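>
Protein chains: 2
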Amino acid sequence: MTQKAESTRDRLLDAARDFVMAKGFAGTSVDDVLKATGLTKGAFFHHFKGKADLARELVRRYALKDLKMFQEFQRQAQEQSDDPLEQVMAFLKLFEVYISNSEDPAPGCMYAVYTYESRQFNADVLDFVSDTLRQWTSIYVRMFQDVLDRYEPALPITARQLAEMIVSVSEGGLVLQRAHGDTDTTRWQSEQFRNYLTLLFPTAR
Amino acid sequence: MTQKAESTRDRLLDAARDFVMAKGFAGTSVDDVLKATGLTKGAFFHHFKGKADLARELVRRYALKDLKMFQEFQRQAQEQSDDPLEQVMAFLKLFEVYISNSEDPAPGCMYAVYTYESRQFNADVLDFVSDTLRQWTSIYVRMFQDVLDRYEPALPITARQLAEMIVSVSEGGLVLQRAHGDTDTTRWQSEQFRNYLTLLFPTAR
DNA sequence: CCAAAAATACCAACTGGTCGGTATAATAGG
DNA sequence: CCTATTATACCGACCAGTTGGTATTTTTGG
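Going line by line, the protein sequences match chains S and W. For the first sequence, position 102 (counting from the first letter as 1) is numbered 102 according to UniProt numbering, and the numbering increases by one without interruption. For the second sequence, position 180 (counting from the first letter as 1) is numbered 180 according to UniProt numbering, and the numbering increases by one without interruption.
And the structure:
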């Protein structure tokens, strides 16, 4: 068999992810996950020390996947152009396509779930979320720094400010998208942000 | 007595709000609220049909307060200037001050809590959240339409696009603010958005 | 105006069910 | 056979919600 069936651990994590993104972490019971996977307590507590351990592994796996995806987007953006601003634009477009093509009926960000249920989690898990968001931001910081190194902005602005703004816009877009049941609010917001960049760097092109 | 002590119902709602904003709705038990208020089951189920009823009343009260606050901000902004763009700027500044002066250690938006725990709530509650967010947006739409009626934007853009962007930025700012334990991320993001407006409407002033 | 009646507000104890978690037994693969 | 994995059975704590009751306030009718 070239492709082994999904491991029990991964089946548990996948099911847990779906429940957590729909009902929150506290709203997701271990029994929910077991019913969805057809497994039993024995399997669950063999793979996870407890529900808190599930929380940690869940967000760690989510962060790993996200990071890989962003690195892939960055790679594709870099091969599309040598211009740093065009690379940022390409990166954002890849992100937009990814979000609006999600087959998930109610996509969202797991970090947002964790931060809005913050008292459910250990400090180390919350620190991990905070750190990972900073890491996500710093990917953008590097990209925008390259832009600022080449082009003069129309307003005094730092790479960090721009990076934090697109992260913020993305998170907010996902909240609104979920609230309204859209598939394209986040993409729309990202496009708006690209408009802003166009105005900020008029010397480009 | 000129000022009656806070009603039992309001005490329950206040305590519930604090718990929900810290642990989520599913993570908040009725007993949590009762322990915090010193009340008992009898009082709770006298004032609310059940936990679902609490959810509804909680978000309705939140929306009412928010709406009043925004109307007050709008009133103050209008009396500060006759220029529609300056009014928007003043409104945003009032919002920024409000968010970063919040005594709440982890402020946030209740609508975000509800949308990220969406499967915990009845359809009518979720519809209410969606409608209220749209209402919030449309306050901005009216303000931006006044701006567009007077000034030519540097890029073709609609009032709705701008309105949805500032709502999105606000929601996202609150997520990041909670994640990092800041008090000023949201204010920072709103300032960025004002930069964008400055670039968009260069003919102003 | 006053007392009977009724509605309101709250309490303490309890119920059936679900929660996360454990102990142990069965099963399976190298 | 032996170890990793999964199933079964069970536990105490906690969950939302119910019950029966008691003050307190409001309404009503003579």
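A virtual CB, placed ideally from N, CA and C, is assigned to each residue, including glycine. Keep in mind it's a predicted model, so treat the numbers as computed, not measured.
Please classify W/Thr203: is it buried, with 16 or more other beta-carbons within 10 angstroms of its beta-carbon, or exposed?
Position 203 of the second sequence, counting from 1, holds the residue named residue 203 of chain W. Looking at its Cβ environment, which holds fewer than 16 other Cβ atoms inside 10 Å, W/Thr203 is exposed.
> Chain W partners of S/Tyr111, CB-CB under 7 angstroms?
In the first sequence, the residue the question calls residue 111 of chain S occupies position 111. Here the neighbours are Ala179.
> Go ahead and label W/Glu103 buried or exposed: buried means 16 or more other beta carbons lie within 10 angstroms of its beta carbon, across all protein chains shown.
Along the second sequence, read from residue 1 onward, the residue named residue 103 of chain W stands at position 103. The residue in question, W/Glu103, is exposed, as its Cβ has fewer than 16 Cβ neighbours within 10 Å.
> Do W/Tyr116 and S/Tyr116 come within 8 angstroms of each other at the CB atom, strictly closer than that value?
Counted from its first residue, the first sequence places residue 116 of chain S at position 116. Counted from its first residue, the second sequence places residue 116 of chain W at position 116. Taking 8 angstroms as the Cβ cut-off, S/Tyr116 and W/Tyr116 qualify as a contacting pair.
> Please report the straight-line C-alpha distance between W/Pro107 and W/Thr183, rounded to a whole angstrom.
For the purposes of this step, residue 107 of chain W is taken as residue 107 along the second sequence, with counting starting at 1. For the purposes of this step, residue 183 of chain W is taken as residue 183 along the second sequence, with counting starting at 1. Near 8 angstroms, if we compare the C-alpha coordinates of W/Thr183 and W/Pro107.
> Beta-carbon of W/Gly173 versus every beta-carbon of chain S: anything under 8 angstroms?
What you label residue 173 of chain W is simply residue 173 of the second sequence in a count that begins at 1. It does; some Cβ of chain S falls within 8 angstroms.
> Using the Cα positions of S/Ala15 and S/Thr28, report the straight-line distance between them to the nearest angstrom.
Here the question's residue 15 of chain S lines up with position 15 in the first sequence. Here the question's residue 28 of chain S lines up with position 28 in the first sequence. Roughly 10 angstroms separates the two Cα atoms.
> Using the beta-carbon of each residue, which ones in chain W are nearer than 7 angstroms to residue 249 of chain S?
Lying before the first or after the last residue shown, residue 249 of chain S is absent from chain S, which here runs from 1 to 205.
> Is the region 27-44 of chain S touching the region 122-139 of chain W, taking contact as three or more C-beta pairs under 8 angstroms?
no
> From S/Gln87 to S/Leu176, what does the alpha carbon distance come to, in whole angstroms?
For the purposes of this step, residue 87 of chain S is taken as residue 87 along the first sequence, with counting starting at 1. For the purposes of this step, residue 176 of chain S is taken as residue 176 along the first sequence, with counting starting at 1. Roughly 27 angstroms between the two C-alpha positions.
> Would you mind reading off the limits of the alpha helix (DSSP H) that contains W/Lys49?
Within the second sequence, the letter at position 49 stands for residue 49 of chain W. In the DSSP annotation of this structure, W/Lys49 is not part of any alpha helix (DSSP H), being labelled neither H nor E.
> When the Cβ atoms of the region 137-146 of chain S are set against those of the region 155-175 of chain S, are three or more pairs found closer than 8 angstroms?
yes
> Could you check if W/Thr186 is buried or exposed, using at least 16 other CB atoms within 10 Å of its CB as the buried criterion?
For the purposes of this step, residue 186 of chain W is taken as residue 186 along the second sequence, with counting starting at 1. With a threshold of 16 other beta carbon atoms within 10 Å, W/Thr186 meets it and is buried.
> When you compare only the Cα positions, how much space is there between S/Ala22 and W/Ser118?
Here residue 22 of chain S corresponds to residue number 22 of the first sequence, with the count starting at 1. Here residue 118 of chain W corresponds to residue number 118 of the second sequence, with the count starting at 1. Each residue's alpha carbon lies about 6 angstroms from the other.
> Mind pulling the chain S residues with CB within less than 7 angstroms of W/Gly108?
Within the second sequence, the letter at position 108 stands for residue 108 of chain W. Ordered by position in chain S, the residues that pass the 7 angstroms Cβ test against W/Gly108 are Tyr116.
> Would you check if the distance between the CB atom of residue 259 of chain W and the CB atom of W/Ile139 is smaller than 8 angstroms?
Residue 259 of chain W is absent from the model: chain W starts at 1 and stops at 205.
> Should S/Leu92 and S/Leu155 be called a contact, given that it needs their Cβ atoms to be closer than 8 angstroms?
Stepping through the first sequence from its first residue, residue 92 of chain S is reached at position 92. Stepping through the first sequence from its first residue, residue 155 of chain S is reached at position 155. Not closer than 8 angstroms, so no.
> Grab me the residues of W/Gln189's own chain with a C-beta within less than 6 angstroms of its C-beta, minus the 5 sequence neighbours each way, in chain order.
As a first step, residue 189 of chain W must be located in the second sequence, where it is residue number 189. Only Val169 and Gly173 meet the Cβ criterion.
> Curious, which full-length alpha helix (DSSP H) runs of at least 4 residues does the region 102-190 of chain S contain?
110-116, 123-150 and 159-180
> Does the distance from the CB of S/Leu13 to the CB of S/Leu58 come in under 8 angstroms?
As a position in the first sequence, residue 13 of chain S is number 13, starting the count at 1. As a position in the first sequence, residue 58 of chain S is number 58, starting the count at 1. Yes, these two residues count as a Cβ contact at 8 angstroms.
> For W/His47 and W/Arg17, which I take to be in contact (beta-carbon distance under 8 angstroms), what is that distance rounded to the nearest angstrom?
Position 47 of the second sequence, counted from the first residue, corresponds to residue 47 of chain W. Position 17 of the second sequence, counted from the first residue, corresponds to residue 17 of chain W. Contact flag wrong, Cβ pair sits at about 14 angstroms.
> Between S/Gly24, S/Lys49, S/Glu152 and S/Leu39, which lies nearest to S/Leu7 when the distance is taken from Cα to Cα?
One-based indexing of the first sequence puts residue 7 of chain S at position 7. According to the sequence provided, residue 7 of chain S is Ser. The question's Leu does not apply to it. Measuring from the Cα of S/Ser7, the nearest candidate turns out to be S/Leu39.
> With H, G and I counted as helix, E and B as strand and the rest as coil, what does DSSP make of W/Ser29?
Locating residue 29 of chain W in the second sequence gives position 29, where the first residue counts as 1. Three-state result, W/Ser29: coil.
> In or out: W/Met69 buried (at least 16 other Cβ within 10 Å) or exposed?
Mapped onto the second sequence, residue 69 of chain W falls at position 69. Classification of W/Met69: exposed, given that the 10 Å Cβ count is below 16.
> Are the beta-carbon atoms of W/Gly24 and S/Gly24 separated by less than 8 angstroms?
Reading the second sequence from its first residue, position 24 is the one you call residue 24 of chain W. Reading the first sequence from its first residue, position 24 is the one you call residue 24 of chain S. The answer is yes: Cβ separation under 8 angstroms.
> Using a Cβ-Cβ cut-off of less than 7 angstroms, give me the residues of the region 51-81 of chain W that come near chain S, in sequence order.
none
> Out of S/Gly42, S/Lys51, S/Arg11 and S/Phe45, point me to the one whose CA is closest to S/Ala36's CA.
Counted from its first residue, the first sequence places residue 36 of chain S at position 36. Of the listed residues, the one whose Cα sits closest to S/Ala36 is S/Arg11.
> At a CB-CB cut-off below 8 angstroms, which residues of chain W make contact with S/Thr198?
Taking the first residue of the first sequence as 1, we reach residue 198 of chain S at position 198. Simply Leu155.
> State the Cα-Cα distance for the pair W/Thr132 and W/Tyr114, rounded to the nearest angstrom.
Here residue 132 of chain W corresponds to residue number 132 of the second sequence, with the count starting at 1. Here residue 114 of chain W corresponds to residue number 114 of the second sequence, with the count starting at 1. If I take the Cα positions, the gap works out to 12 angstroms.
> So, helix, strand or coil for S/Phe95, using DSSP?
Indexing the first sequence from 1 puts residue 95 of chain S at position 95. Here S/Phe95 carries a helix assignment [DSSP, helix/strand/coil].
> Check the Cβ-Cβ distances between S/Glu103 and every residue of chain W, and say whether any is below 8 angstroms.
Within the first sequence, numbered from 1, the residue matching residue 103 of chain S stands at position 103. No, no contact with chain W.
> For S/Lys35, decide whether its Cβ has a neighbour in chain W, counting only Cβ atoms nearer than 8 angstroms.
Within the first sequence, the letter at position 35 stands for residue 35 of chain S. So, not an interface residue.
> Can S/Leu64 and S/Gln76 be called in contact, C-beta distance under 8 angstroms?
Looking up residue 64 of chain S in the first sequence gives position 64. Looking up residue 76 of chain S in the first sequence gives position 76. The answer is no: Cβ separation not under 8 angstroms.
> If contact means a Cβ-Cβ distance below 7 angstroms, which residues of the region 122-143 of chain S contact chain W?
Val129, Ser130 and Leu133
> When we look at the beta-carbon of S/Glu171 and count the other beta-carbons within 10 Å, is it buried (16 or more) or exposed?
Sequence index remark: in the first sequence, residue 171 of chain S carries index 171 (1-based). Buried, by the Cβ-count rule.
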